[in-house]
């Protein structure tokens, strides 16, 4: 399955008008949840900005400040990644630049693993959502209203039916919601 997971404000933004998302660092409980979640993935597709934001987990030893962060760095480093960018000529770590369209790259990564694959970055995810490729939406809703910025979801032309299959509130008051796309014509 192709998953889309990101932290969002109550009003549905992954970053505010200035591109800031400093309101969303996870506490230890949520960090452990992310460690487990990312550790279960078989691949990750991401845009340039998210790739650059996550690259320190592969390249900066200072990210390994404790056991959980060192474990996350190990998991992230081992995870095969495909980076979509019009400006990068090369990528580092366990990543490669996408060479085909989103649908082809998603299919190739899904075909290469028996695990779930995640797509990250709202721009790239909006393309996959528009193509009907995203099977699950995983929202980490932070208790903050930012009033505008980068939306988690793109505008859609057709209604997308979802089932809420899991929800949880963390001690930090972050609410996790996992929605699965309802099966329909051509869907599994």
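In this note's numbering, the protein residues as written are 172 to 359. Here a beta-carbon is modelled for each residue, glycine too, at the ideal position from N, C-alpha and C.
With 16 other Cβ atoms within 10 Å as the buried cut-off, status of residue i
i           : result
residue 233 : exposed
residue 225 : buried
residue 340 : exposed
residue 172 : exposed
residue 221 : buried
residue 358 : Confidence in residue 358 is poor, its pLDDT being 44 and thus under 50, which makes the residue's placement too unreliable to answer from.
residue 289 : buried
residue 321 : buried
residue 193 : exposed
residue 162 : This structure gives no information on residue 162, because the portion of the chain shown stretches from 172 to 359.
residue 277 : buried
For residue i, the nearest candidate out of the options (CA to CA)
i           : options            : result
residue 333 : 302, 279, 309      : 309
residue 239 : 202, 176, 174, 292 : 202
residue 275 : 304, 350, 284, 324 : 304
residue 283 : 237, 252, 307      : 252
residue 254 : 216, 208, 210      : 216
residue 213 : 266, 285, 271      : 285
residue 353 : 343, 342, 344, 330 : 330
residue 229 : 257, 265, 336      : 265
residue 207 : 250, 187, 328      : 250
residue 263 : 292, 231, 288      : 231
residue 188 : 278, 296, 272, 319 : 319
residue 432 : 210, 351, 227      : With the chain covering 172 to 359 only, the question about residue 432 has no answer from this structure.
Span separating the alpha-carbon of residue i from that of residue j
i           : j           : result
residue 301 : residue 185 : 18 Å
residue 280 : residue 268 : 13 Å
residue 294 : residue 218 : 7 Å
residue 346 : residue 247 : 24 Å
residue 241 : residue 298 : 32 Å
residue 112 : residue 205 : Outside the displayed span of the chain (172 to 359) sits residue 112, for which this structure offers no information.
residue 244 : residue 223 : 15 Å
residue 307 : residue 349 : 7 Å
residue 182 : residue 312 : 9 Å
residue 191 : residue 256 : 21 Å
residue 327 : residue 261 : 33 Å
residue 325 : residue 237 : 37 Å
residue 175 : residue 296 : 7 Å
residue 258 : residue 337 : 38 Å
residue 272 : residue 323 : 21 Å
residue 316 : residue 177 : 16 Å
residue 344 : residue 195 : 11 Å
residue 235 : residue 210 : 16 Å
Residue i, DSSP secondary structure in three states
i           : result
residue 323 : coil
residue 236 : coil
residue 180 : strand
residue 328 : coil
residue 335 : strand
residue 210 : helix
residue 349 : strand
residue 317 : coil
residue 190 : coil
Every unbroken alpha helix (DSSP H) within the segment 254 to 315, with a cutoff of 4 residues, ordered by chain: If we require 4 residues or more, the alpha helix (DSSP H) runs fully inside the segment 254 to 315 come out as 273 to 282, 293 to 301.
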